[in-house]
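In the numbering used here, the protein residues as written are 1018 to 1224.
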């Protein structure tokens, strides 16, 4: 029996990536729009994990469904870990992904390659009413480029250089054809969550 799983997000980029990563597994994957659910969750947590839990628990409480939420972002060492859990809101409201990429690059102007170390971090929370919420994390290490490279992916992908691939995540050829889907922070966290969920199949956590 397929596991009915709600993706607790309004971000269409994340929904597409999560759907793709879950493809082939034993899930009936739902997005809020499939259920005509409209819910904006204020991300008041002070970590990726706290914000992921807030979103997963809010959607689960609204729908009664097993819900999975992601909170993720970029941490740059030379910026003291910023943008961090504020990645999606870095620099203030109204900025585009391109604006935020340019902001990070401007703050790193003159910083040598060896000190442009950074990592993508993802926390995935799995929640269902009456059960303890579980959190799974994934981290991928890289470097910040001096200019955006590539138009694939979203967010900070064009400025995140992944040495094993010798290219940025933005230069990866695509979600299904590329290699990012196997090594990304979100993929690592989701892989751990899937292992947990499939192990719980048939128990009363699943609705």
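For every residue, glycine included, the Cβ atom is placed at its ideal position computed from N, Cα and C.
The residue among 1078, 1026, 1064, 1044 with its C-alpha nearest the C-alpha of residue 1148 is 1078. Under the three-pair Cβ rule at 8 Å, the region 1024-1035 does not count as touching the region 1097-1104.
Taking 8 Å as the cut-off, the Cβ atoms of residue 1044 and residue 1091 do not count as close. Exposure of residue 1216 is indicated by the presence of fewer than 16 other C-beta atoms within 10 angstroms of its C-beta. With 16 or more other Cβ atoms inside 10 Å of its own Cβ, residue 1189 counts as buried. The three-state reading of DSSP puts residue 1157 in strand, counting E and B together.
Boundaries of the beta strand (DSSP E) harbouring residue 1091: 1084-1093, taken from the DSSP string. The continuous beta strand (DSSP E) containing residue 1023 extends over residues 1020-1024. For residue 1032, the closest alpha carbon among the candidates 1204, 1135, 1071 is that of 1204.
Three or more beta-carbon pairs drawn from the region 1153-1164 and the region 1121-1136 are found closer than 8 Å, and the two stretches are therefore classed as touching.
Cβ-Cβ distances below 6 Å link residue 1071 to 1058, 1062 in the same chain, with the five nearest sequence neighbours on each side left out; the list follows chain order. Residue pairing from DSSP places residue 1151 in a beta bridge opposite 1143. DSSP places residue 1177 within a strand segment (E or B) once states are collapsed to three. Spanning the alpha carbons of residue 1207 and residue 1084 requires a straight line of approximately 13 Å. Residue environment for residue 1173: buried (at least 16 other C-beta atoms within 10 angstroms of its C-beta). Assignment of residue 1049 by DSSP, reduced to helix, strand and coil, places it in the helix class. Judged by their CB atoms, residue 1157 and residue 1179 are nearer to each other than the 8 Å cut-off. Assignment of residue 1113 by DSSP, reduced to helix, strand and coil, places it in the coil class. A direct Cα-Cα distance of roughly 32 Å separates residue 1124 from residue 1152. Beta-bridge pairing by DSSP links residue 1080 to no other residue.
Under the three-state reduction of DSSP, residue 1184 is assigned to strand.
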